[in-house]
Amino acid sequence: MSGKHGAPKHQNKYAWKPKAGHKINETEVGGKFRPYSEITGVCPRCKEQIDWKRRYGKYKPLAEPAKCQQCSKRAVRQAYHNLCPGCAKEQNVCAKCRCRVNRIVGRDSSEVEAEQKSLDEAIKNARERDRRTLLRAAKVRFWDKMTHQDMEETSQHASLLVVAKRPL
Ligand SMILES: [Zn+2]
Ligand SMILES: [Zn+2]
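Numbering-wise (UniProt numbering), the sequence shown opens with residue 1 and increments by one.
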């Protein structure tokens with residue numbers, strides 16, 4: 001025991017920063033290699049709230065799909081959402097605060113899927129010279145949208161790579 005008196009034991013030397021001093025695991029959700037999924041199906045105000053949580057390290061991604069408060073199906077795949085995309089769309093409300101809104105952030109997953117399909121087609125039809133550019137774009141989009149929940153769907157996207165490797 002030194003018996004020293006003086007400065008309080010737990011004085012803050014630095015302003016508090018979220019996750020300061022933590023070594024960030026870039027392969028975790030929110031890390032460099034697994035960016036957060038796009039926030040979709042909510043009103044701009046709720047998107048802002050969820051964004052805020054992400055920025056300040058308070059965001060807790062869903063470990064498994066949550067129950068929709070409307071249809072009770074386990075179809076809610078985005079953290080902090082109360083409604084599944086189907087119910088939210090049917091009622092034309094924000095999936096989080098359930099307010100009626102004219103503007104919903106982000107696109108519907110079916111739209112995204114359709115876009116993915118047309119991209120697949122484009123790659124199939126593209127000449128080798130153009131293929132790499134398209135594939136690169138596709139990969140970027142893929143990782144953009146990747147979430148821990150989407151990991152299972154990776155096989156769908158693998159078709160892109162198969163197409164690309166196929167000789168002409
Ligand atoms: Zn529902
Ligand atoms: Zn909202």
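Where a beta carbon is used, it is the ideal one built from N, C-alpha and C, also for glycine.
CB contact flag (residue i, residue j, <7 Å)
i     : j     : result
Ala79 : Ala88 : no
Pro61 : Arg77 : no
Cys84 : Cys68 : yes
Tyr36 : Arg54 : yes
As assigned by DSSP and simplified to three states, the class of residue i
i      : result
Arg34  : coil
Arg55  : helix
Gln49  : helix
His148 : Because the pLDDT at His148 is just 46, under 50, the model does not fix this residue reliably, and the point stays unresolved.
Ala75  : coil
Arg98  : coil
Ser155 : With a pLDDT of only 49 at Ser155, under 50, the local geometry of the prediction cannot be trusted, and no value is derived from it.
Ser2   : With a pLDDT of 47 at Ser2, under the threshold of 50, the modelled position of that residue is not reliable, and the figure given next carries that caveat. Three-state result, Ser2: coil.
Any non-hydrogen atom of ligand 1 closer than 6 Å to residue i Cβ
i     : result
Gln70 : yes
Cys99 : no
Cys46 : no
Cys94 : no
Residue i Cβ short of 6 Å to ligand 2 heavy atom set
i     : result
Val42 : yes
Residue(s) in a DSSP beta bridge with residue i
i           : result
residue 170 : For the chain, the structure presents residues 1 to 168; residue 170 sits outside this window and is missing.
Chain-order list of residues whose beta-carbon lies under 6 Å from that of residue i (same chain, five-residue window excluded)
i     : result
Tyr59 : Lys53
Nonlocal neighbours in the same chain, by C-beta distance under 7 Å from residue i, ignoring five residues either side
i     : result
Cys99 : Cys43, Val93
Same chain only: Cβ atoms within 8 Å of residue i, ignoring 5 sequence neighbours per side
i      : result
Glu121 : none
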